[in-house]
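For the protein sequence lines, the chains are A and B, in the order given.
Letter 55 of the first sequence, counting from 1, is numbered 186 in the working numbering, and no numbers are missing.
Letter 172 of the second sequence, counting from 1, is numbered 303 in the working numbering, and no numbers are missing.
Working notes, structure below.
Number of protein chains: 2
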Amino acid sequence: MTTILLVEDDERISEPLLRVLGTEGFDVVHTSTGSDGIEAVITRKPDLMLLDLTLPDIDGLDVCRKVREDRPELPIIMLTARAEEMDVIVGLGAGADDYVPKPFRLAELVARIKARLRVAQAAHQMPRELTGGPLRVNTESRRAYLDGQELELTSKEFDLLALLMSRPDATFTREQIMASVWDENYWGSTRTLDTHISTLRRKIGDDSDPPTLIVTVRGVGFRFEG
Amino acid sequence: MTTILLVEDDERISEPLLRVLGTEGFDVVHTSTGSDGIEAVITRKPDLMLLDLTLPDIDGLDVCRKVREDRPELPIIMLTARAEEMDVIVGLGAGADDYVPKPFRLAELVARIKARLRVAQAAHQMPRELTGGPLRVNTESRRAYLDGQELELTSKEFDLLALLMSRPDATFTREQIMASVWDENYWGSTRTLDTHISTLRRKIGDDSDPPTLIVTVRGVGFRFEG
DNA sequence: GTCGATCTTGAACAGATCTTGAACAAGGCG
DNA sequence: CGCCTTGTTCAAGATCTGTTCAAGATCGAC
């Protein structure tokens, strides 16, 4: 569950926001003051923070800096009263990730929130892990594991497995696979692909008959089933 | 000098933008088509990319994805014709860092550009001290230690080791290493890299067979395992 | 310019990896 | 069932890759 912290004292803004974010499936924590907001960052560990620039107690920029000390990676979106203020904020370099001038369209803010969350996620789980069945594949380190134990795959075998596992349950045609794992215009008119599928199946322990992990789609290609 | 690449075919938008960005002290490269844009990313090495969603040749989203393959860290700001399109873009997850709906205030766009550059810079700062296994590397003093004892590394050897250790367990392709330690467009079609890996391994005492610190990923490149 | 350090290059080797064809198995269709 | 097509497996050999060495080129300090 994704938790969003909203620090905003103006109810005319917070009320509709809470409603929309709720329907979008987010878990929303709301505070009206900066100090409560800082506390909530620690206690509620939000995935993203929406921060009003003008708060009754502490300046939003100071809240931002304070939060940055503890959670430098937390995505923070600043809500500013006027677009002109953005220059100032950026100049001050408080460390917000995004700035949305009020008034804003709710859909736009939601889009920005999702964009920010996606970027944060991408940056954090940089090791792109593909899992399916007993297999785990890390495309960054180029290692593959069967039941937690590392497999010794060759380059082609790894590419092949990673491709199939990138879209589990999707059937890849032989042409697609050749174009992706081999060269775009390579045309080994032979049994090359089958041989690799064969050794790969053996290495990943897919020895039932017919195989259950890498499934043959006769006349078309292959499919990975997690 | 900070270089910004603007990919935009509509002159009513690009013309004022070029002017403002120029006065802001940026070095601006302008292309009108997506394919020229992709080329400019490689040849001009921009620090940030402004990308129109609708281009005469390639869809802006495809340009974005293509660029992401080579330069995953390049900040990309998408210019979208209408705010409503943002939802779509975000949903498609092409990997832009920010989305600015047209029409936009120039000051706001400039603010966003500066914010994005600041974030990118902060994220890029290499940690001064890298450790892994018996090795410790200080990128500031450019010294490396093996079990606390200083190593005598040449410049290339140091860069190579620092690069590999900057992301332990990540496999770097030969191309990535050459682009990073040597020049972007250097193409020593020879065994240069291997020779350096070889001497580096000897110096860091990685003499088991196969080596355990700098691991060969056959057909791809190398990986540091701490 | 000279000298030493560093970097690059090509050759030779070892070994891993890939490809190929053949033989066989399995499915599809009349 | 018989025939054709398609997929699987195997072993052999071709090809590709990485390692190391030694020599030559280049660079930088003096």
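Ideal Cβ placement from N, Cα and C applies to all residues, glycine included.
All figures in this text were calculated on a predicted structure; none of them were measured in a lab.
| Asked | Found |
| --- | --- |
| Can you tell me where the beta strand (DSSP E) holding V160 (chain A) begins and where it ends? | 158 to 162 |
| Which of the three DSSP states is assigned to D140 (chain B) in this structure? | coil |
| Just how far apart, CA to CA, sit L295 (chain B) and F303 (chain B)? | 7 Å |
| Is the CB of R298 (chain B) under 9 Å away from at least one CB in chain A? | yes |
| If I measure Cβ to Cβ from E281 (chain B) and keep anything under 8 Å in the same chain, skipping five residues before and after, which residues do I get? | R274, A275 |
| If you count every other CB in all the chains shown that lies within 10 Å of the CB of M132 (chain A), and 16 or more means buried, which is it? | exposed |
| How about P147 (chain A): is its C-beta nearer than 9 Å to some C-beta of chain B? | no |
| When DSSP builds the beta bridges, which residues end up paired with E281 (chain A)? | A:Y276 |
| Return helix, strand or coil for E155 (chain B), following the three-state DSSP convention. | coil |
| Let me check understanding here. Comparing Cα to Cα, which of A:T154, A:P265, A:I144, A:V160 lies closest to K334 (chain A)? | A:P265 |
| Using the beta-carbon count (16 or more within 10 Å), is R349 (chain A) buried or exposed? | exposed |
| Let's test the definition: count the other Cβ atoms within 10 Å of the Cβ of T262 (chain A) and tell me whether it reaches 16, buried, or not, exposed. | exposed |
| Using a Cβ-Cβ distance cut-off of 9 Å, determine whether R242 (chain B) contacts chain A. | Just to set this straight, residue 242 (chain B) is Ala in the shown sequence, not Arg. Yes, its Cβ sits closer than 9 Å to a Cβ of chain A. |
| Assuming the contact rule is C-beta atoms closer than 8 Å, L248 (chain B) and D178 (chain B) should be a hit. Round their C-beta distance to whole Å, please. | 6 Å |
| Could you tell me whether the Cβ of D229 (chain A) comes closer than 9 Å to any Cβ of chain B? | yes |
| Shorter than 9 Å from the beta carbon of P232 (chain B) to some beta carbon of chain A? | yes |
| Run through chain B and tell me which residues come within less than 9 Å of E271 (chain A), C-beta to C-beta. | R298, D300, A301, T302 |
| Use the C-beta contact count for I173 (chain B): other C-beta atoms within 10 angstroms, 16 or more gives buried, fewer gives exposed. | exposed |
| Since V285 (chain A) meets chain B, which of its residues come closer than 9 Å, beta carbon to beta carbon? | With the sequence shown as reference, residue 285 (chain A) is identified as Thr, and Val is not the correct amino acid for it. Here the neighbours are R349, G350. |
| For Q256 (chain A), decide whether its Cβ has a neighbour in chain B, counting only Cβ atoms nearer than 9 Å. | Its pLDDT being 47, under 50, Q256 (chain A) is placed unreliably in this model, and the value from its coordinates should be taken loosely. It does not; no Cβ of chain B falls within 9 Å. |
| Which residue marks the beginning of the beta strand (DSSP E) containing I173 (chain B), and which one marks its end? | Careful: I173 (chain B) lies outside any beta strand (DSSP E), inside the alpha helix (DSSP H) at 165 to 175. |
| Tell me, to the nearest whole angstrom, how far the beta carbon of D140 (chain B) is from that of D190 (chain B); I am working on the premise that it is less than 8 Å. | In fact, because the Cβ distance is near 13 Å, the residues do not count as touching under 8 Å. |
| For G357 (chain B), does the count of other Cβ atoms within 10 angstroms reach 16, so buried, or fall short, so exposed? | exposed |
| I'd like to know whether the C-beta of E239 (chain B) is nearer than 9 Å to at least one C-beta of chain A. | yes |
| State buried or exposed for D325 (chain B), treating a residue as buried only when at least 16 other CB atoms are found within 10 Å of its CB. | exposed |
| Counting only Cβ pairs nearer than 9 Å, list the residues of chain A close to R369 (chain B). | The structure shown does not extend to residue 369 (chain B), since chain B is modelled only from 132 to 357, so the question has no answer here. |
| Could you spell out where the alpha helix (DSSP H) holding F289 (chain A) opens and where it closes? | 286 to 297 |
| For the beta strand (DSSP E) containing T323 (chain A), name the first residue and the last one. | Here T323 (chain A) belongs to no beta strand (DSSP E); instead the alpha helix (DSSP H) covers 323 to 334. |
| Give me the residue from B:A238, B:K233, B:R322 with the minimum Cα distance to R143 (chain B). | B:K233 |
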